[in-house]
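Since the structure comes first, as structure tokens, the remarks are kept for the end.
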Amino acid sequence: MSAIEVNIHILLVTFPAQGHVKPAIRFARRLTASNASLLVSLATNEAIGQQMRDSGAAGSDEHISFETFSDGLSVVGNQLDADKFMAQLNRAGPEGLATLINDLQVRGRPVHCIVSNPFVPWVVDVAEGFGIPCAMLWVQSCAVYAVCYQSLYRLDEFPTPERLNIDVSLRGLPVLKTNELPSFLVPFGPYQCLADAILGHIKKIKKVKWVLANSFHALETEAIQSVSELTPIMTIGPLVPLGLLGRSTASEVRGDLWKSEDDCLDWLNTQPKESVIYVSFGSIVSLSPKQIEELAWGLASSGRPFLWVAKPVDSTSEFLLPTGFLDATAGRGKIVKWCPQVEVLTHPSVSCFVTHCGWNSTLETIAAGTPILAFAHWGDQVTNAKFLVDVYSVGVRLERDAEGVVRREEVCRCIEEIREGPRAAKIRENAMKLKEAAREALEEGGSSDKNLMVFVEDLISLAS
Ligand code: UDP
Numbered sequence: 192m193s194a195i196e197v198n199i200h201i202l203l204v205t206f207p208a209q210g211h212v213k214p215a216i217r218f219a220r221r222l223t224a225s226n227a228s229l230l231v232s233l234a235t236n237e238a239i240g241q242q243m244r245d246s247g248a249a250g251s252d253e254h255i256s257f258e259t260f261s262d263g264l265s266v267v268g269n270q271l272d273a274d275k276f277m278a279q280l281n282r283a284g285p286e287g288l289a290t291l292i293n294d295l296q297v298r299g300r301p302v303h304c305i306v307s308n309p310f311v312p313w314v315v316d317v318a319e320g321f322g323i324p325c326a327m328l329w330v331q332s333c334a335v336y337a338v339c340y341q342s343l344y345r346l347d348e349f350p351t352p353e354r355l356n357i358d359v360s361l362r363g364l365p366v367l368k369t370n371e372l373p374s375f376l377v378p379f380g381p382y383q384c385l386a387d388a389i390l391g392h393i394k395k396i397k398k399v400k401w402v403l404a405n406s407f408h409a410l411e412t413e414a415i416q417s418v419s420e421l422t423p424i425m426t427i428g429p430l431v432p433l434g435l436l437g438r439s440t441a442s443e444v445r446g447d448l449w450k451s452e453d454d455c456l457d458w459l460n461t462q463p464k465e466s467v468i469y470v471s472f473g474s475i476v477s478l479s480p481k482q483i484e485e486l487a488w489g490l491a492s493s494g495r496p497f498l499w500v501a502k503p504v505d506s507t508s509e510f511l512l513p514t515g516f517l518d519a520t521a522g523r524g525k526i527v528k529w530c531p532q533v534e535v536l537t538h539p540s541v542s543c544f545v546t547h548c549g550w551n552s553t554l555e556t557i558a559a560g561t562p563i564l565a566f567a568h569w570g571d572q573v574t575n576a577k578f579l580v581d582v583y584s585v586g587v588r589l590e591r592d593a594e595g596v597v598r599r600e601e602v603c604r605c606i607e608e609i610r611e612g613p614r615a616a617k618i619r620e621n622a623m624k625l626k627e628a629a630r631e632a633l634e635e636g637g638s639s640d641k642n643l644m645v646f647v648e649d650l651i652s653l654a655s
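Take the sequence shown: its letter number 358 is residue 549 in this note's numbering, and every next letter is one higher.
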């Protein structure tokens, strides 16, 4: 690293989870590729730092270094639930981050800009304490940002414990039913601790000099406009590997927290064109045994080849497939624990994606132009699914029954619907249009490229 003349050092703080590490690494890469005078340090807690080293996620990039800060927890054996973990991070994170910033200074790498993450609002205060300008990398959709903002300032009626199921009409957004709102904003919804963090960050937004969003303008024009009085949002996405959009690049650090079973690409090579159903629910969602059974038999009776990322929730549990399923699907199913998703989505054998609609998976699928079978669970996934199915019309929704289970017949019905017939043709056409719009946003002079350049030029003028 000594050969590089470092002028501007950006400390990019990421929340310790796969869905945050991936866009952070991709953003770091975009920054360093845009200007040779930028150096990025990507910082997360020690446990995830260790996991990144173990899986090779940290990789090597001479302009990007990987740093950790203490959250006061031991690196191994930390099994806190989400509420307790967030509370611990809020308590110990500020001091841990301040120590890192001082340490970087001592190592001759003073920080010129800190990039925060919506789940760690205290980063803004740490930056303020050091007098370092702060940006925020918003890692969900701008529609979710708009819902959070409008819910914070109660710009429309929101569900309450007394009136839970209502239609919510927000500026710049389609009418959202309660189960289409990010679940952390809904009374009794899962992961309420995320609402405290995200809304806490939006309350501090005036202290943030740049709000950068992993999205692109043509995808979310109205949602972006709906909050522009409060926050001009600078879209810089989709943060996907540029190779996915047909651009040749130096190989990118992938940022996987688990070892990827890349040989599934060899298996895909043996399958017919546009035949394989890709199934994955990201890094956190876990399916009930009943749901695994229904999905498995749905895939079996579809008669199509499939690639299924069946990841146990943690290292102590197993992903239990129903008895007889592997025999019934021998030769046309491949089950892995983790795969190179971006390469899978762009593989010519893949026809559609059964997804939980996490925002990274959503953007990767849009950028790949792959039709979607939306199977959202909670958080922002449900809002993303609403947009994918009803606004962008690039997918169909797997409907749950009264017990909240997607049955095998529904799995089969949706697979047929997305593959054959007039709706399937329209979905494919829309998916290709969105893919093109994503490519345009990122190309030189495109909306996201221009915003990135503005940010970089601001940084350069701050430092000079
Ligand atoms: N991913 C992957 N391999 C897999 C499953 C997921 O590389 O087998 C990646 C996926 O490409 C995405 C990230 O993990 O970049 C998951 O982020 P997302 O926001 O979709 O979901 P989350 O895990 O946060 O729920």
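Just so you know, even glycine gets a beta-carbon here, dropped at the ideal spot from N, CA and C. None of the values given here were measured: they were computed from a predicted structure.
{"Asked": "Sequence-distant residues of its chain with Cβ nearer than 6 Å to TRP569 (five each side left out)", "Found": "SER374, PRO381"}
{"Asked": "Close Cβ partners of PRO207 (< 6 Å) along its chain, the five nearest in sequence each way excluded", "Found": "THR235, ASN236, ILE239"}
{"Asked": "For MET243 and ASP454, the rounded distance between their alpha carbons", "Found": "21 Å"}
{"Asked": "Burial state of PHE379 (16 or more Cβ within 10 Å)", "Found": "exposed"}
{"Asked": "Assigned secondary structure, LYS641 (DSSP; H/G/I helix, E/B strand, else coil)", "Found": "helix"}
{"Asked": "The segment 400-408 contacting the segment 418-432, beta-carbon criterion three pairs below 8 Å", "Found": "yes"}
{"Asked": "CA-to-CA distance, HIS392 to ASN308, given in whole angstroms", "Found": "9 Å"}
{"Asked": "GLN572: CB within 8 Å of a non-hydrogen atom of the ligand GTP", "Found": "No copy of the ligand GTP occurs in the structure displayed; its ligands are the ligand UDP alone."}
{"Asked": "Segment contact flag, the segment 628-637 with the segment 584-601, C-beta cutoff 8 Å, min 3 pairs", "Found": "no"}
{"Asked": "Contacting residues, own chain, Cβ-Cβ under 6 Å from ILE216 (five flanking each side not counted)", "Found": "VAL444, GLY446"}
{"Asked": "ARG604 Cβ short of 8 Å to the ligand UDP heavy atom set", "Found": "no"}
{"Asked": "Burial state of GLY320, where buried means 16 or more other Cβ atoms lie within 10 Å", "Found": "exposed"}
{"Asked": "Environment of PRO613 [buried if 16+ CB atoms lie within 10 Å]", "Found": "exposed"}
{"Asked": "Any non-hydrogen atom of the ligand UDP within 8 Å of HIS538 CB", "Found": "no"}
{"Asked": "Per-residue DSSP class, three states only, for ILE651", "Found": "helix"}
{"Asked": "For ILE195, the three-state DSSP class (helix, strand or coil)", "Found": "Below a pLDDT of 50, predicted positions are generally treated as unreliable, and ILE195, at 47, falls in that range; the measurement from the model is reported next regardless. Three-state DSSP puts ILE195 in coil, outside helix and strand."}
{"Asked": "Segment limits, alpha helix (DSSP H) that includes ILE609", "Found": "599-610"}
{"Asked": "Secondary structure of CYS304, DSSP reduced to three states", "Found": "strand"}
{"Asked": "Reduced DSSP category for LYS400 - H, G, I as helix; E, B as strand; rest coil", "Found": "coil"}
{"Asked": "Cβ-based burial, MET192 [other Cβ within 10 Å; buried from 16]", "Found": "Confidence at MET192 is low in this model, with a pLDDT of 44, below 50, so its placement is unreliable and the value that follows should be read with caution. So MET192 ends up on the exposed side."}
{"Asked": "Member of ILE255, SER246, ASN281 whose CA lies at the smallest distance from the CA of ASP262", "Found": "ASN281"}
{"Asked": "Contacting residues, own chain, Cβ-Cβ under 7 Å from ALA337 (five flanking each side not counted)", "Found": "LEU361, GLY363, LEU364, ALA414, SER417, VAL418"}
{"Asked": "Residues that ARG661 bridges to, as DSSP identifies them", "Found": "Within the shown structure, residues of the chain are numbered from 192 to 655, placing residue 661 beyond reach of any answer."}
{"Asked": "Neighbourhood of THR259 by C-beta, 7 Å cutoff - its chain only, sequence neighbours within 5 removed", "Found": "ALA234, THR235, ASN236, GLU237, GLY240"}
{"Asked": "Local conformation of GLU413 per DSSP, three classes", "Found": "helix"}
{"Asked": "Where the alpha helix (DSSP H) containing TYR340 begins and where it ends", "Found": "333-343"}
{"Asked": "Nearest-angstrom Cα separation, counted from ARG630 out to SER406", "Found": "12 Å"}
{"Asked": "Integer-rounded CB distance, given that LEU625 should sit under 8 Å from TYR583", "Found": "6 Å"}
{"Asked": "Span of the alpha helix (DSSP H) around CYS455", "Found": "455-460"}
{"Asked": "Member of ALA487, HIS538, TRP329, VAL266 whose CA lies at the smallest distance from the CA of PRO214", "Found": "TRP329"}
{"Asked": "Cβ-Cβ separation, VAL431 to VAL533 (assumed contact under 8 Å), whole Å", "Found": "7 Å"}
{"Asked": "ARG220 versus PHE257: straight-line alpha-carbon distance, rounded", "Found": "12 Å"}
{"Asked": "Beta bridge counterpart(s) of PHE257 as assigned by DSSP", "Found": "LEU233"}
{"Asked": "For SER225 and LEU579, believed in contact at Cβ under 8 Å, the rounded distance", "Found": "Going by Cβ atoms, the distance from LEU579 to SER225 rounds to 30 Å, so no, they are not a contact pair."}
{"Asked": "Simplified DSSP state of LEU288, which is helix, strand or coil", "Found": "helix"}
{"Asked": "Own chain, CB closer than 7 Å to VAL335, minus 5 neighbours either side, in chain order", "Found": "PRO373, ASP571, THR574"}
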